[in-house]
Every structure is written in C-alpha cells, then in structure tokens.
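Colleague:
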Amino acid sequence: MTGARHDPARARPPVPAVGRPRAAAGADRARGLPLLTHDPVTTVIRPAAGGRTRTGRKPGSNRSARTTGQRVRRWLWLLLSVLVFGPLLAFAIGWIVFPVPTAAAATLTQTATFTYADGSPLAVVRPDNVNRTDVTLDKVPITVQNAVLAAEDRTFRSNPGFDIMGIGRAVVSQLTGGDGGGSTITQQYVKNVTGQDQATLWRKFREAVVAIKISKVETKDQILENYLNTIYFGRGAYGIQAASRAYFNTDVSRLTVSQAAMIAGVIQSPSGGDPANDLVQAKARWTYVLDGMTQAGWLTPADRARQVFPTDWLPAPPSAAGVPDDESFHIYAAAKAELAAAGISQDQIDTGGLTVTTTVDPAMQRGAVAAVRATMSSQSAGLRTALVSVDPRTGAIVAYDGGPQGLGTDYAQSLRQPGSAFKPFVLSAALQAGGGVGLGSIYDGSSPQTIAGQVVRNSDGVNCDRCSVQTAMTESINTIFYRIGVQTGVDRVAAAAHQAGIPAGLLPVADGGISLGDQEVHPVDMAAAYGTFAADGVRHDPYIVSKVVASDGRVLVDRTGSPAGTQAVPQPVARNVTESMLDVARTSRIALDGGRPVATKTGTVQLGSSNDNKDTWTVGYTPSLSTAVWVGTDNSDPVRTASGAPAYGRTLAGAIWQGFMNGALAGTPVEQFSPFVPVGTPPSTTAPTTDPTAAPTAPAAPPSTTNGPGAGGGYYDPNSGMNYYPDGTSSPAGGRPRGQGGG
Numbered sequence: 005m006t007g008a009r010h011d012p013a014r015a016r017p018p019v020p021a022v023g024r025p026r027a028a029a030g031a032d033r034a035r036g037l038p039l040l041t042h043d044p045v046t047t048v049i050r051p052a053a054g055g056r057t058r059t060g061r062k063p064g065s066n067r068s069a070r071t072t073g074q075r076v077r078r079w080l081w082l083l084l085s086v087l088v089f090g091p092l093l094a095f096a097i098g099w100i101v102f103p104v105p106t107a108a109a110a111t112l113t114q115t116a117t118f119t120y121a122d123g124s125p126l127a128v129v130r131p132d133n134v135n136r137t138d139v140t141l142d143k144v145p146i147t148v149q150n151a152v153l154a155a156e157d158r159t160f161r162s163n164p165g166f167d168i169m170g171i172g173r174a175v176v177s178q179l180t181g182g183d184g185g186g187s188t189i190t191q192q193y194v195k196n197v198t199g200q201d202q203a204t205l206w207r208k209f210r211e212a213v214v215a216i217k218i219s220k221v222e223t224k225d226q227i228l229e230n231y232l233n234t235i236y237f238g239r240g241a242y243g244i245q246a247a248s249r250a251y252f253n254t255d256v257s258r259l260t261v262s263q264a265a266m267i268a269g270v271i272q273s274p275s276g277g278d279p280a281n282d283l284v285q286a287k288a289r290w291t292y293v294l295d296g297m298t299q300a301g302w303l304t305p306a307d308r309a310r311q312v313f314p315t316d317w318l319p320a321p322p323s324a325a326g327v328p329d330d331e332s333f334h335i336y337a338a339a340k341a342e343l344a345a346a347g348i349s350q351d352q353i354d355t356g357g358l359t360v361t362t363t364v365d366p367a368m369q370r371g372a373v374a375a376v377r378a379t380m381s382s383q384s385a386g387l388r389t390a391l392v393s394v395d396p397r398t399g400a401i402v403a404y405d406g407g408p409q410g411l412g413t414d415y416a417q418s419l420r421q422p423g424s425a426f427k428p429f430v431l432s433a434a435l436q437a438g439g440g441v442g443l444g445s446i447y448d449g450s451s452p453q454t455i456a457g458q459v460v461r462n463s464d465g466v467n468c469d470r471c472s473v474q475t476a477m478t479e480s481i482n483t484i485f486y487r488i489g490v491q492t493g494v495d496r497v498a499a500a501a502h503q504a505g506i507p508a509g510l511l512p513v514a515d516g517g518i519s520l521g522d523q524e525v526h527p528v529d530m531a532a533a534y535g536t537f538a539a540d541g542v543r544h545d546p547y548i549v550s551k552v553v554a555s556d557g558r559v560l561v562d563r564t565g566s567p568a569g570t571q572a573v574p575q576p577v578a579r580n581v582t583e584s585m586l587d588v589a590r591t592s593r594i595a596l597d598g599g600r601p602v603a604t605k606t607g608t609v610q611l612g613s614s615n616d617n618k619d620t621w622t623v624g625y626t627p628s629l630s631t632a633v634w635v636g637t638d639n640s641d642p643v644r645t646a647s648g649a650p651a652y653g654r655t656l657a658g659a660i661w662q663g664f665m666n667g668a669l670a671g672t673p674v675e676q677f678s679p680f681v682p683v684g685t686p687p688s689t690t691a692p693t694t695d696p697t698a699a700p701t702a703p704a705a706p707p708s709t710t711n712g713p714g715a716g717g718g719y720y721d722p723n724s725g726m727n728y729y730p731d732g733t734s735s736p737a738g739g740r741p742r743g744q745g746g747g
C-alpha cells in the first residue's frame, strides 16, 4: 500500500438526505446511499429509550415553556396598562371632581381659635385679621416677584403648574419616610387656599390635578398674585405686603433687592427663616435666593456682588389682631408654648385651622384678675404680681395671671426665691428620711443661732426656745427648719421638692440655704407642687391645653379625661405636711370664709442685709384648688406697702390669695382633708446621748429605741410626749442662705 494516494471521497461519510431537496434525494438513491425521508416542513424525531428525545428533553417541555412565556407576557401587558391608563383614569376623575379654589377660600380655612374651658373665645387668629393686606401684582416690584420665584419655583413661568421631577422626589421622600416637598408655586397656592397640608401622596396628586386646572383658567400673573397674597411669611403676616411691614415696616413697593431676598427666603420655614429666630439659616436662605436670581438672569453678577444682608429688619413681629392685650394674653402665649412642646409647630398653630381648648375657667380667671386689682390698685406701680391656680386632682391650670401684657413678661413663669414657702418640702424630706422626726418633735427655735457654721435668724424677731415642728411651720421658725434641713441632708430636701413637682433643673443645691428657700422657682410650679400634697402625694404635672382639634377633624391633643397621676410622695407623709400648715392662714389673718379648711404657707425673702424684702409669697390649697401668689419687683427692689412699710408674704400676696380663693370657692361645698396618722413615732424614754450636736444620718430602718430622732442627740420627753432637740453648735458644713424666710 506504500505510495497509495488518499482518496477524500472515499473517506467522507455519506450525507443523510434529511432536509435535502427531492432532486438531491434522487441522486442519493442512484448512488446507493441510505435515504431518510421526512416532511420538509415537520420533522418527527422519535423518542429514544427512557422517554426522552435525542436532545435530552422530555416530551411537551417546549409547549410548557411557551405557555409560561405567554402568561408572563400577558401579565406584563396588564401591568403596563395599569401603569399607563390607571393614572390617566385617576387624573380624569380628579379633573371632574376637584374644584378650582379661589384666593378668598384661604381666609376660611386658616383660622386658629383658642378658647376657655367652657368654649368661650380667648383668642381668634385669622389671616384677614392678623396682619394681611392684599396687593395687585403691578404693585409688587419685578425684583420682589423674581426673588420669590428664585426661592420657591424657578420654572414657574414655563411649567404646567406642577414639576414632574419635584413630584418624583416627593414620592421617593414619602416612601423613605421623608417630609415630602417638591411643590411648585401653583401647588403651594392650592395647598394654602384648600387648607390641605397632610404630608401624603394623595395630597400631592390632588395638588397636581388642581394646579393644572388652575393653569388652564388663570394666567401666570393671576396665580402669582394670589400666591403672594396668601402665602405665610411668619410673624402673623399673610402675604407679601404684610410681610414687608412685619420685617421692615415698609411698603412692598419700597423693598430693596436684598430685603426682598430675605423675605422670600422665609417662605420655606417661616419660623426657622426668621432672622430673629435663626440668623444663620436666614442668611443661608438669603444667599440661596440671590444666587438663584443670578443663575436665572434676573440679577446681574455685578448687582449680586453688591448685595449685603439687610440689618434693618425688625427684631419682633407687630401685635396681631384677635390676640388679647390684657392679662389673658399670657394664657394664649402659654398655650402656644405648650403646643410647641407637644410637637405642634408655630406654623401649624398660626395656619392650621386649629381649635385649641384651654383648661382655664373664665369665671376663675376673672376672679384672679379682680383679686389682683383689688389689692394692688392702691400700691406702688412698680410692684409686679403672678397668680396661678391648679386643680390638684388633674394638674389642669384653672386660673393664670402673669401680669399685664404690656409689661412684656409672664411673671407666672419667672424665677423667684420662695423663702419660707419652701419649708413644706423640707418637712417632707425629713419625714421620708425615717429618722423619727414628726410634727410633735421639739427643737430649739431661738434666734440667732449658728448652725453648720452659719448664723441663722428668725423673721420678725420671733423666738421659741422649745417649739414643735408643727408650731415651727405655723410661726415660720427659720432656725428650726435650717437645722432640720442640714440634718436631713440638702440633697434629700431638693429631691423632696422634685418629687412634689419642682423641676429638677431649678435646684442647684449648694448649702443649707435651700431649707429657707434661696433657690429660685416658678409660681406655676409652686402651685402644682403644693397640689401634690393636696392630692395625698399624687403628682399631676400642670397643663393649660386640654384639647386640640385640626380643621379636618383630627384630634391632635386630648387631655379631657382624668390624667393619671404618680404617687410621688408617700400618702402618710403628704397628709402630715398638710396637717402642719392648717393653722397658718388663721395666724396670718388670711383665713377663708366660713372657716373652710386650708393648708397654707407664706414666704418672704429678705433684700440683702437690709430691713426690706424683695420677694413675697402665699401658697395654699384645699383638696380641689391649689393657688400660688407672688408679689415682687422686676429688679429686686424693695417690696413695700402703700404706707411705706416692708411687705411680707402675709400682706399683699396673702390678701390677693385670700380674695381669689374666697371668690373661686364661694358656693361650693366645704371640703375636709383626709385624716392623717402621725409620722415619726416617738422612741422609748432614754437619757440624752453624750454628743447632742452630732450630725444626723437617716437610717432606712425605723429609729432605734435607744436614740432620739435621727442621730442628732435628741431625746423623748415623757412628760410632754414629744421629741426634744437641745441647742447644737455644729452640723454639716454649708453656705449662708441668700434670703431669710418668714411670713
């Protein structure tokens, strides 16, 4: 076979006739090649062994795949139809259903009403009453118009009433928990006149539909004019003209470019954008507006470079119509502050159509004002007053007089030293310390005494060699309460005040002077804290807003029930504190009509080392009414009566308190306090300890039967049935009290 040549034809395998034309198949037959016949259109491949085709697929799998694919395509078409035609259908329905609002509608939906507890009006705040003056667009300089457009909607002149990109951002913001946003000027105008301010996609959709409808029936100038007359700029100002007056006390036609940019920047956040509230944010928005005007070609780069942030803006807004200008103004202001603390913004308060019901009883409020005027009308014009009355069972403030509105200060919220009116908290701390101190415990009440290194004197030259704690409270013996305070511990005294309702941040304890009331407190907190004792130790935090309802019916705040209190002070202790004060009103000559039981304490703070006083108090309660009255001055000047004599807690403040309480309780049943069980059971008879001046401690367990109360060297006198403390010369160190208490 050597030298034989390779024959390619002989090596090539025969080609089956599958799929070959008929002529080629005939040639194959002539050549003797195997012939596979089939339908040129359909080829049938028999299944191989095992039930599979030669490709390895199971029979019918192609049909299953085709069926699944068809099903997916049908769903995709359905989804696409919903996405395309659903919005179109919704838009069509909205176009028919949603009306085109008018600018006049804004005055009907942006009213805020504050009422007394009985629903009678306290303050009514409406856009058309509160600093709003409409102007036509030709009165608004083009620079002012452009400043607003740069701040809120730079495509206003060309967009169809809504910004699809802005709506997209709003959708994403809603889905991710944001605050929304993305509204054009036309959409904002719709929101203003309809009062719909909920951060929802539905509101955005409605705004978009109505915005397009408005754009079809109103010109851009009409829309901008209506917008400029209804948008809120803060400071109670609705519309660009009112804003010009509120911020610069000028007509809108006289606004400079810089002033216009500042006002326009306020629109996004009327409270935060006010330079009086946040100068940094106001400047940032001012810069944003001017830069936007430059980018849009409304301001040349040279003019932009010359702009300086205005310095002639007014530091405070003008007085708003519809807001009381007498003593009840402070009720309105306190209610607004309480709403803000509850998370309701200033903008919502001013424009949300809220109905705010306060807890203040109008009859009691009139009585409070009358009591103050009856006492103070003949006194020095330089004296200031505050009266707050609280229902101890709920914490609701039923009367609130912070002084005349024109003085610019709410004295019910001012910090003042309470003097001896703080002594009930000292007693509460001592009774809770468990050292055996009780109302019958005897102390040396002589004056002066050196206690804890400090010289302490009683007010009015009072001396009491052997006084019970009960008598010390009635006579306001400073030396005894100063000693009890340092023996109990000033930290415990502060804690007892916190328990009752004095805010913790107000008492930076420095020394034993806290026992004589040298730490500053608010009158409203004193009324509430005494109310805790009136309620047998159950504390209810004071509040002045009982209910808030939005214009759409949503209830934002509801305290109309009986708020649950906290058993802050042990009931036996609270009842003992009440018992200790039952004779103060009688001895101070401010007892209530008909012998009505009342627990009271007066307080007087000495002015330096002079014979004058600077703060005077009377605080007292029945089971259903706790009232605090303060009389003082703005600058710690001497508090004197019309005769020129120094005033004490029992004089001017006491007279106001008595007049108010008698009027408020007239015609109501005489209430009795709960019976009390003495706290601080006397120990068994023992001789005095060898160290009668040792500083006491407060054991957690009941007092020992071989020691006097605490560990201060006291002893039990079997003849009087009382605990007795001899005079001591040393106790824990502390600073000198700033004010000497007294009645």
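The working numbering puts the sequence shown at residues 5 to 747. Don't be surprised by glycine CBs; every beta carbon is placed ideally from N, CA and C. These figures come from a predicted structure and were not determined experimentally.
#1: Between Met477 and Tyr486, what straight-line distance do the alpha-carbon atoms span, to the nearest angstrom?
#2: May I ask which residues mark the beginning and end of the beta strand (DSSP E) holding Tyr625?
#3: Helix, strand or coil for Leu294, going by three-state DSSP, please let me know.
#4: In whole angstroms, what separates the C-alpha of Ala385 from that of Leu656?
#5: How should Ile506 be labelled, buried or exposed, when 16 other C-beta atoms within 10 angstroms of its C-beta is the threshold for buried?
#6: Have a look at Ser647, Leu141, Ala539 and flag the residue whose alpha-carbon is nearest the alpha-carbon of Arg679.
#7: Put Thr119 into one of helix, strand or coil per three-state DSSP.
#8: Can you name the residues that DSSP bridges to Trp634?
#9: For Asp282 and Asp638, what's the separation of their Cα atoms in angstroms?
#10: Given Thr41, which residues of its chain have a CB within under 6 angstroms of its CB, disregarding the five upstream and five downstream residues?
#11: Residues in its own chain within less than 6 angstroms of Gly276 by CB, not counting five upstream and five downstream?
#12: Note down the Cα distance separating Tyr251 from Ala595, rounded to an integer number of angstroms.
#13: Where Gly301 and Ile189 are concerned, what is the direct C-alpha to C-alpha distance, given to the nearest angstrom?
#14: So, under 8 angstroms CB-CB, Leu294 and Leu228 are touching, yes? Tell me the CB distance rounded to an integer number of Å.
#15: What number of angstroms, rounded off, separates the C-alpha of Asp395 from the C-alpha of Thr363?
#16: Kindly list the residues whose CB is nearer than 7 angstroms to the CB of Gln764, restricted to its own chain and excluding five residues on each side of it in sequence; keep chain order.
#17: Just to confirm the assignment, what range does the alpha helix (DSSP H) spanning Lys224 have?
#18: Taking just the CA atoms, how far does Arg239 sit from Ala306?
#19: Am I right that Thr234 and Gly243 are in contact with their C-beta atoms under 8 angstroms? What's the rounded C-beta distance?
#20: Under DSSP, the alpha helix (DSSP H) around Tyr486 begins and ends at which residues?
#21: Can you tell me the Cα-Cα spacing of Leu318 and Gln245, whole angstroms?
#22: When the Cα of Asp522 is compared with those of Asn230, Pro642, Gln610, which residue comes out closest?
#23: Would the region 433-447 count as touching the region 409-420 if we require 3 or more Cβ pairs under 8 angstroms?
#24: Along the beta strand (DSSP E) that carries Leu411, what are the first and last residues, could you check?
#25: Go ahead and pull the three-state DSSP assignment for Asn711.
#26: Assuming Gln453 is part of the beta strand (DSSP E), what are its boundary residues?
#27: Applying the 10 Å Cβ sphere with the 16-neighbour rule, what's the burial state of Gly371?
#28: Starting from the C-beta of Gln417, find all residues in its chain whose C-beta is less than 7 angstroms away, skip the five residues before and the five after it, and write them out in chain order.
#29: Could you pull out every residue in the same chain whose Cβ sits closer than 7 angstroms to the Cβ of Gly541, ignoring the five residues on either side in sequence?
#30: Write down every uninterrupted run of the alpha helix (DSSP H) in the region 506-549 whose length is 4 residues or greater and which is fully enclosed by it, in chain order.
#31: Check this for me: beta carbons of Trp621 and Thr389, under 8 angstroms apart or not?
#32: With respect to the alpha helix (DSSP H) encompassing Val270, which residues constitute its N-terminal and C-terminal limits?
#33: What's the C-alpha gap between Val430 and Ala247?
#34: What's the C-alpha gap between Thr564 and Ala508?
#35: Looking only at its chain, what residues have a beta carbon closer than 7 angstroms to the beta carbon of Gly569, apart from the 5 residues adjacent to it on each side?
#36: Give the C-beta separation of Pro546 and Ile401 to the nearest angstrom, bearing in mind that I take them to be a contact with Cβ-Cβ under 8 angstroms.
Modeller: Inspection of the coordinates gives the following:
#1: 12 angstroms
#2: 617-626
#3: helix
#4: 14 angstroms
#5: Counting other Cβ atoms within 10 Å of its Cβ, Ile506 reaches 16 or more and is therefore classed as buried.
#6: Sequence check: residue 679 is Pro here, not Arg. Checking every option, the nearest Cα to that of Pro679 belongs to Ala539.
#7: strand
#8: Ala390, Trp621
#9: 28 angstroms
#10: Since pLDDT at Thr41 reaches only 46, below the 50 mark, its modelled position is unreliable, and no value is offered.
#11: Asp282, Gln285
#12: 52 angstroms
#13: 19 angstroms
#14: About 20 angstroms; that fails the 8 angstroms criterion.
#15: Approximately 10 angstroms, taken between the alpha carbons.
#16: Only positions 5 to 747 of the chain appear in this structure, which leaves residue 764 out of reach.
#17: 224-234
#18: 33 angstroms
#19: Right, their Cβ atoms sit about 6 angstroms apart.
#20: 482-492
#21: 15 angstroms
#22: Gln610
#23: no
#24: Element bounds for Leu411: n/a, residue is neither H nor E.
#25: Reliability fails at Asn711, whose pLDDT of 29 lies under 50, so the model's placement of it is uncertain and the value that follows must be treated cautiously. Asn711 falls in the coil class under three-state DSSP.
#26: Its beta strand (DSSP E) spans residues 453-455.
#27: Gly371 is classed as buried because its beta carbon has at least 16 other beta carbons within 10 Å across all chains shown.
#28: Gly406, His526, Val528
#29: Gln571, Ala572, Val573, Pro574, Gln575, Val577, Ala578
#30: Segments of the alpha helix (DSSP H) lying fully in the region 506-549: 527-538.
#31: no
#32: 261-270
#33: Their Cα atoms are separated by approximately 53 angstroms.
#34: 27 angstroms
#35: Ala539, Val542, Arg543, His544
#36: 6 angstroms
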